[in-house]
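Using the numbering used here, read the sequence shown as starting at 8 and increasing by one per residue. Note that CB positions come from ideal geometry on N, CA and C, so glycine has one too. Worksheet: the structure to be examined is printed underneath.
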Amino acid sequence: MKRIAVLASGRGSNFEAIARNVKEGRLAAEIAALVANNPEARALDIAREHGIHAISLPSKGIGSDTYAAMVRDALQPLNIDLICLAGFMRRVGAPLLEAYPMRILNIHPSLLPAFPGLNVQQQAIDYGVKYSGCTVHFVDAGLDTGPIIAQAAVPVLDDDTAETLAARILVEEHRIYSEAIALVLSGAYRIQGRRVIRTAG
Ligand code: GRF
Numbered sequence: 008m009k010r011i012a013v014l015a016s017g018r019g020s021n022f023e024a025i026a027r028n029v030k031e032g033r034l035a036a037e038i039a040a041l042v043a044n045n046p047e048a049r050a051l052d053i054a055r056e057h058g059i060h061a062i063s064l065p066s067k068g069i070g071s072d073t074y075a076a077m078v079r080d081a082l083q084p085l086n087i088d089l090i091c092l093a094g095f096m097r098r099v100g101a102p103l104l105e106a107y108p109m110r111i112l113n114i115h116p117s118l119l120p121a122f123p124g125l126n127v128q129q130q131a132i133d134y135g136v137k138y139s140g141c142t143v144h145f146v147d148a149g150l151d152t153g154p155i156i157a158q159a160a161v162p163v164l165d166d167d168t169a170e171t172l173a174a175r176i177l178v179e180e181h182r183i184y185s186e187a188i189a190l191v192l193s194g195a196y197r198i199q200g201r202r203v204i205r206t207a208g
């Protein structure tokens with residue numbers, strides 16, 4: 008069974024969706040650890056409730072490369088195949104990117120390359136787009152720039168607030184993240200330039 012580690016900073020609803028899909032047999036993987044950079048993260052409680060190894064590794068005041076090396080060293084004995092960022096609010100430093108080349112995924116609540124960064128649901132509303140959505144992508148050294156594995160679109164409604172739009176997008180996040188993880192773990196894809204192309208299993 009392929010082994011994944013999930014990195015989170017807060018609420019942990021994407022992590023919980025992944026854990027539920029694993030538990031209920033919809034995602035063939037083992038979650039070997041949940042790492043939280045914020046000791047208050049609810050994701051840590053969710054991990055404990057699911058019997059998943061919970062690692063609290065505070066990042067406050069630590070530079071991103073130093074912190075990335077700490078995460079790398081914490082994961083090293085766990086033989087991780089894939090790292091999944093799920094609401095992880097720190098940039099991933101070079102030591103972790105180098106240890107897991109094209110083996111780190113992220114979920115982002117917009118249709119990249121539109122609206123990278125933070126507060127993107129409000130940005131989508133303010134810009135006036137009629138559709139937004141979510142993107143699962145490989146993590147590279149840029150901000151939300153790596154090759155795109157999966158996307159889902161949702162309409163932006165005239166009376167949306169950032170909260171109502173975020174909630175509509177989150178439903179799709181919970182669905183496509185596990186699907187993207189399954190694809191990457193299956194190895195049935197190749198990367199051509201920026202394009203992630205499915206291949207026969
Ligand atoms: C999600 O919207 C995710 O796309 C973004 O941060 C949020 C995390 O939510 N990167 P949760 O912690 O998974 O509930």
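Open item on the list: On a Cα-Cα basis, can you pick out the residue from Ile111, Ala174, Tyr134, Val203 that is closest to Cys141?
Closed with: Numbered from its first residue, the sequence shown carries residue 141 at position 134. Minimum Cα distance to Cys141 is reached at Ala174.
(Q) Counting beta carbon pairs with one atom in the stretch 106–121 and one in the stretch 38–45, are three or more of them shorter than 8 angstroms? (A) At 8 angstroms Cβ cutoff, the stretches do not touch.
Taking 6 angstroms as the cut-off, is the C-beta of Pro116 nearer than that to any heavy atom in ligand 2?
Judged by which ligands are present, ligand 2 is missing from the structure shown, whose ligands are ligand 1.
Next on the checklist: Quick check: Ile62 and Ala48, are their CB atoms within less than 7 angstroms of each other?
Outcome noted: Taking the sequence shown and counting its residues from 1, one reaches residue 62 at position 55. Taking the sequence shown and counting its residues from 1, one reaches residue 48 at position 41. Their beta carbons are not under 7 angstroms apart, which means Ile62 does not touch Ala48 by this criterion.
Span of the beta strand (DSSP E) holding Asn113?
The residue you call residue 113 lines up with position 106 of the sequence shown. 111–115 is the extent of the beta strand (DSSP E) around Asn113.
- Message: I need the straight-line Cα distance from Asp147 to Gly94, nearest angstrom please.
- Response: Along the sequence shown, read from residue 1 onward, the residue named residue 147 stands at position 140. Along the sequence shown, read from residue 1 onward, the residue named residue 94 stands at position 87. If I take the Cα positions, the gap works out to 16 angstroms.
DSSP beta-bridge partners for Pro162?
Along the sequence shown, read from residue 1 onward, the residue named residue 162 stands at position 155. For Pro162, which the question treats as bridged, DSSP gives the partners Tyr138.
- Message: I'd like the list of long-range same chain contacts for Arg27, defined as Cβ closer than 7 angstroms, with 5 residues on each side in sequence excluded.
- Response: Reading the sequence shown from its first residue, position 20 is the one you call residue 27. Around Arg27: no qualifying Cβ.
_Exposure label - Pro116; buried when at least 16 CB within 10 Å_ = For this step, residue 116 is matched to residue 109 along the sequence shown. With 16 or more Cβ atoms within 10 Å of its Cβ, Pro116 is classed as buried.
- Task: Sort out for me which residues DSSP pairs Val13 with in a bridge.
- Result: Translated into positions along the sequence shown, residue 13 becomes position 6. In the DSSP assignment, Val13 forms a beta bridge with Leu41, Cys91.
For Val78 and Asp165, what's the separation of their Cα atoms in angstroms?
For the purposes of this step, residue 78 is identified with residue 71 of the sequence shown, where counting begins at 1. For the purposes of this step, residue 165 is identified with residue 158 of the sequence shown, where counting begins at 1. For Val78 and Asp165, the distance between alpha carbons rounds to 42 angstroms.
* **Beta-carbon separation (whole angstroms), Ser185 vs Leu34, contact threshold 8 angstroms** => The residue labelled residue 185 in the question sits at position 178 within the sequence shown. The residue labelled residue 34 in the question sits at position 27 within the sequence shown. At roughly 5 angstroms, the Cβ-Cβ gap stays under 8 angstroms, so Ser185 and Leu34 are in contact.
Relative to the alpha-carbon of Asp167, which residue among Glu180, Gly153, Lys137 has its alpha-carbon at the smallest distance?
Mapped onto the sequence shown, residue 167 falls at position 160. Looking at the Cα atoms, Lys137 is the closest of the given residues.
- prompt: My guess is that Ile111 and Ile90 are in contact by the Cβ rule of under 8 angstroms, so how many angstroms apart are they, rounded?
  reply: Here residue 111 is taken as the residue at index 104 of the sequence shown, counted from 1. Here residue 90 is taken as the residue at index 83 of the sequence shown, counted from 1. Confirmed, about 4 angstroms.
Margin query: Tell me the DSSP secondary structure of Tyr196 in three-state form.
Written below: Working through the sequence shown from its first residue, we reach residue 196 at position 189. DSSP places Tyr196 in strand when its eight states are reduced to three.
* Val99, buried or exposed, once every other Cβ within 10 Å from all chains shown has been counted against 16 -> Position 92 of the sequence shown holds residue 99. A residue is called buried when at least 16 other Cβ atoms come within 10 angstroms of its Cβ; Val99 meets this threshold and is buried.
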